[in-house]
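Visitor:
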Amino acid sequence: MWISLGATLLLPLMAWVLYLRSRPLLQTQDVVFLLTSASWHPLQGKFGFAPFLMGTLWVTTTGMVLAIPPSILTAVYLSEYAPARVRSFSAPMIDLLAGIPSVVYGVWGVLAVVPYIGHTVMPWAQKYLYFIPIFQSDNPTGFGILAGGIVLAVMVFPIIIAVAENVIHAVPQGLREASLALGATRWQTTKHIVLRRARSGVFAAVVLGFSRAFGETMAVLMVVGNIVQMPGSVFDAAYPLTALIANNYGEMMSIPLYDSALLGSALLLLLVVLGFSLLSRVVLIRFAQSAGEPV
Amino acid sequence: MRSAQIEERLFQALMLLSVFIVAGSLFLILLTIILRGLPALTVEMITRPPEGGYYLGKEGGILNAILGSLYLASGATLLALLLALPISIYLRIYGQRSRLSEIVRLAMDVLWGIPSIVYGAIAFTFMLWVGMRASLLGGILALAMLELPILVRGMDETLGSVPSALKEASYSLGATRLETTLRVVLRQSGPGLVTAVLLAFGRGIGDAASVLFTAGYTDHLPYSLLRPVASLPLAVFFQLATPYPAVQERAYTSALVLTLIVLAISLTSRYLSKGLLKHQIR
Chain A
2 MWISLGATLL LPLMAWVLYL RSRPLLQTQD VVFLLTSASW HPLQGKFGFA
52 PFLMGTLWVT TTGMVLAIPP SILTAVYLSE YAPARVRSFS APMIDLLAGI
102 PSVVYGVWGV LAVVPYIGHT VMPWAQKYLY FIPIFQSDNP TGFGILAGGI
152 VLAVMVFPII IAVAENVIHA VPQGLREASL ALGATRWQTT KHIVLRRARS
202 GVFAAVVLGF SRAFGETMAV LMVVGNIVQM PGSVFDAAYP LTALIANNYG
252 EMMSIPLYDS ALLGSALLLL LVVLGFSLLS RVVLIRFAQS AGEPV
Chain B
26 MRSAQIEERL FQALMLLSVF IVAGSLFLIL LTIILRGLPA LTVEMITRPP
76 EGGYYLGKEG GILNAILGSL YLASGATLLA LLLALPISIY LRIYGQRSRL
126 SEIVRLAMDV LWGIPSIVYG AIAFTFMLWV GMRASLLGGI LALAMLELPI
176 LVRGMDETLG SVPSALKEAS YSLGATRLET TLRVVLRQSG PGLVTAVLLA
226 FGRGIGDAAS VLFTAGYTDH LPYSLLRPVA SLPLAVFFQL ATPYPAVQER
276 AYTSALVLTL IVLAISLTSR YLSKGLLKHQ IR
């Protein structure tokens, strides 16, 4: 019991350590200013986090937009449509793929995704989609937000699919049969009955994928370009918070307040993940209550 | 009715497309890593540490990183297991449905989501405080923090799947909670526990961000807890960052070796848990 208590205290302890270490910076500058300023010049004592914050948001959003529809549809297919043989084969495959290290995804990104974007996707988008602002860019290298998003999407496929499929499959068979007996098609049953019943679990699966994508460091770092700027397009290079810490921590200790700024960004990451975990818990409880089931 | 059928067709097509996208991209990854990694895979590569001029494309291998990764992940898994086992036993046997166990579960869920780079940064900050340099021990500490929530989650789930009738039977024979835990619950959930441990080990061996500052990097084989140690993910990362194509080739090979190790762990856990399942009471 004492060990459990101690392990629980690990979380506040970590937040406290980070807060303590980032306090020197927070004392000199206002938090809101730090988060919204785009001016990042550590040598002059200017630490605007906005480019990194936006970098993280852009890459994570792109990744999730690409990942959510195919993984949920795949989970539905595996649970509702696929024969049992396919299911028994797919489950171990998904486990296997969830275990592949993130650097391997990064290597794949560098070898396959980046050149493909640079040579094919980017020229095509400039030709046909130039009128949409988020597709305009003058970065021809392929290293950028889209590459990071694709790598992230593929990384979280197995995570979302595994959880979502389990949840969807756990919906009682009788509900499906009742709906089918009323003459509903299979997809209507899935849409109105199965997914409705499983939505809180599917939501949890998406949050799980999100927190993995949000905090991913190495794979993103390798393909995203790492240029300090406010990105305006999916083809622009970006510099996410995680990459900021990975590239600079441990080396830049001689610049005043620099390590304080880096640990401040670690604190920011921790708080966002904490916020999302709590949010998903609240939503889960809400859903469960509205459905009249015990939590 | 007609539109319902069109919708049915449409979504079936979309689902098949999704399955194709998911399966295709994952297949592409494995194919890319194997095709690009195989050419430079030699016996020398996996049996020798880097030698003079290795990073210019000369002789040597990545044994330092392979051994380093195995040491790091084994140490971390052992350390995390020492904490995770009592915690999950508390969650399922002693503190079942207590307020504290709810809080512990929530804390573990949050810890599970915390990025590994944050663990790395915190562990390194702590190491600076006590005056420790980047070392095998530091890497083990950072990885153990990362693996703890993964282990607790997996083991909690496994212990929870033990039928309560089994526990009650044991209690009714006069066994204490400790005896029931050791002789009935742990034995019954053995395969699941092994799977959880191997899963955590796999996560640990593949994680780069948490060992980046804490374990450092070296060309020597690991020989002391207090010395820096190389690791496979960082070997991939650093070799890829060099400008020499011959060294980049080796980064692909290192990635292949890492993938093979992780796949081997995954298959072993599958095999072991199947073998042990035979002795389980259902």
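Line by line, the protein sequences are chains A and B.
With the first sequence counted from 1, adding 1 to any position gets you the numbering used here.
With the second sequence counted from 1, adding 25 to any position gets you the numbering used here.
Heads up, the beta-carbon is just placed ideally off N, CA and C, and yes, glycines get one too.
Is L218 of chain B close to chain A, meaning its C-beta is less than 9 Å from at least one C-beta of that chain?
Guide: No, because no Cβ of chain A sits closer than 9 Å to the Cβ of L218 of chain B.
Visitor: Thinking C-beta only, is A179 of chain A closer than 9 Å to I194 of chain A?
Guide: Result yes, Cβ atoms of I194 of chain A and A179 of chain A sit closer than 9 Å.
Visitor: Judging by CA-CA distance, which residue of B:T243, B:Y248, B:L153 is the nearest neighbour of L257 of chain B?
Guide: Out of B:T243, B:Y248, B:L153, B:T243 has the C-alpha closest to the C-alpha of L257 of chain B.
Visitor: What ranges does the alpha helix (DSSP H) occupy inside the stretch 186-213 of chain A, keeping only unbroken runs of at least 4 residues that lie completely in it?
Guide: Those alpha helix (DSSP H) runs which fall completely within the stretch 186-213 of chain A and span 4+ residues are 187-190.
Visitor: Answer with buried or exposed for F158 of chain A, where buried requires no fewer than 16 other C-beta atoms within 10 angstroms of its C-beta.
Guide: Classification of F158 of chain A: buried, given that the 10 Å Cβ count is 16 or more.
Visitor: Between the alpha carbons of Y108 of chain B and G179 of chain B, how many angstroms are there, rounded?
Guide: According to the sequence as given, residue 108 of chain B is Leu; it is not Tyr. About 13 Å.
Visitor: Pairing CB atoms from the stretch 63-80 of chain A with CB atoms from the stretch 192-210 of chain A, are three or more of them under 8 Å?
Guide: A contact exists between the stretch 63-80 of chain A and the stretch 192-210 of chain A.
Visitor: To the nearest whole angstrom, what separates the beta carbons of L136 of chain B and L12 of chain A, a pair I think is in contact under 8 Å?
Guide: About 6 Å; that satisfies the 8 Å criterion.
Visitor: So L98 of chain A packs on L51 of chain B, CB below 8 Å; how close in whole Å?
Guide: About 5 Å; that satisfies the 8 Å criterion.
Visitor: For the alpha helix (DSSP H) containing I112 of chain B, list its first residue and its last residue.
Guide: First-last of the alpha helix (DSSP H) with I112 of chain B: 88-114.
Visitor: Look up K47 of chain A in the DSSP assignment and give the residues it is bridged to.
Guide: K47 of chain A pairs with A:H42.
Visitor: When you compare only the Cα positions, how much space is there between S160 of chain B and L270 of chain A?
Guide: Computed Cα separation, rounded: 25 Å.
Visitor: Flag this pair as yes or no: are the beta carbons of Q30 of chain B and Y82 of chain A separated by less than 9 Å?
Guide: The answer is no: Cβ separation not under 9 Å.
Visitor: Should S189 of chain B and R208 of chain B be called a contact, given that it needs their Cβ atoms to be closer than 9 Å?
Guide: Not in contact: S189 of chain B and R208 of chain B (Cβ atoms no closer than 9 Å).
Visitor: Would S291 of chain B count as contacting chain A if we go by Cβ distances under 9 Å?
Guide: Chain A, which has a Cβ nearer than 9 Å to the Cβ of S291 of chain B, makes this yes.
Visitor: Can you have a look at Q28 of chain A and say buried or exposed, based on whether 16 or more other CB atoms are within 10 angstroms of its CB?
Guide: The residue in question, Q28 of chain A, is exposed, as its Cβ has fewer than 16 Cβ neighbours within 10 Å.
Visitor: Determine which residues share a DSSP beta bridge with A48 of chain B and list them.
Guide: A48 of chain B is not bridged to any residue.
Visitor: Just to make sure I have the definition right: I need the residues of chain B whose C-beta is within less than 9 Å of the C-beta of M15 of chain A. Which are they?
Guide: Here the neighbours are L136, I139, V143, Y144, I147, M170.
Visitor: State the Cα-Cα distance for the pair V203 of chain A and G49 of chain B, rounded to the nearest angstrom.
Guide: Between V203 of chain A and G49 of chain B, the C-alpha separation is close to 23 Å.
Visitor: Would you check if the distance between the CB atom of R130 of chain B and the CB atom of L110 of chain B is smaller than 9 Å?
Guide: No, the pair does not count as a contact, with Cβ atoms beyond the cut-off.
Visitor: Label E204 of chain B either buried or exposed according to how many other C-beta atoms from any shown protein chain fall within 10 Å of its C-beta, with 16 as the threshold for buried.
Guide: Label assigned to E204 of chain B: exposed.
Visitor: With C-beta atoms as the reference, is F236 of chain A less than 9 Å away from F132 of chain A?
Guide: Result no, Cβ atoms of F236 of chain A and F132 of chain A do not sit closer than 9 Å.
Visitor: Would you please state the rounded distance, in angstroms, between the beta carbons of G216 of chain A and V155 of chain A? I believe it to be under 8 Å.
Guide: About 16 Å; that fails the 8 Å criterion.
Visitor: Which bits of chain A does M40 of chain B rub up against, with CB to CB less than 8 Å?
Guide: Here the neighbours are L74, T75, V77, Y78, Y82.
Visitor: Rounded to the nearest angstrom, how far is the Cβ of L265 of chain B from that of A276 of chain B, given a contact under 8 Å?
Guide: Going by Cβ atoms, the distance from L265 of chain B to A276 of chain B rounds to 4 Å, so yes, they are a contact pair.
Visitor: Assuming contact is defined by CB atoms lying nearer than 9 Å, are S94 of chain B and L171 of chain B in contact in what I supplied?
Guide: No. Outside cutoff.
Visitor: What number of angstroms, rounded off, separates the C-alpha of S113 of chain B from the C-alpha of V222 of chain B?
Guide: Approximately 13 Å, taken between the alpha carbons.
Visitor: Can you give the beta carbon distance from A85 of chain A to G145 of chain A, rounded, assuming they're within the 8 Å contact cut?
Guide: Going by Cβ atoms, the distance from A85 of chain A to G145 of chain A rounds to 42 Å, so no, they are not a contact pair.
Visitor: Nearest CA to the CA of A167 of chain B: which residue from B:A240, B:F226, B:T57?
Guide: Of B:A240, B:F226, B:T57, the residue nearest in Cα terms is B:A240.
Visitor: Using the Cα positions of R252 of chain B and V105 of chain A, report the straight-line distance between them to the nearest angstrom.
Guide: The straight-line gap from Cα to Cα measures roughly 26 Å.
Visitor: By Cβ distance, which residues of its chain are closer than 6 Å to A255 of chain B, with the 5 residues on each side in sequence left out?
Guide: Excluding sequence neighbours, A255 of chain B sits near N89, A90, G93, Y242, T243.
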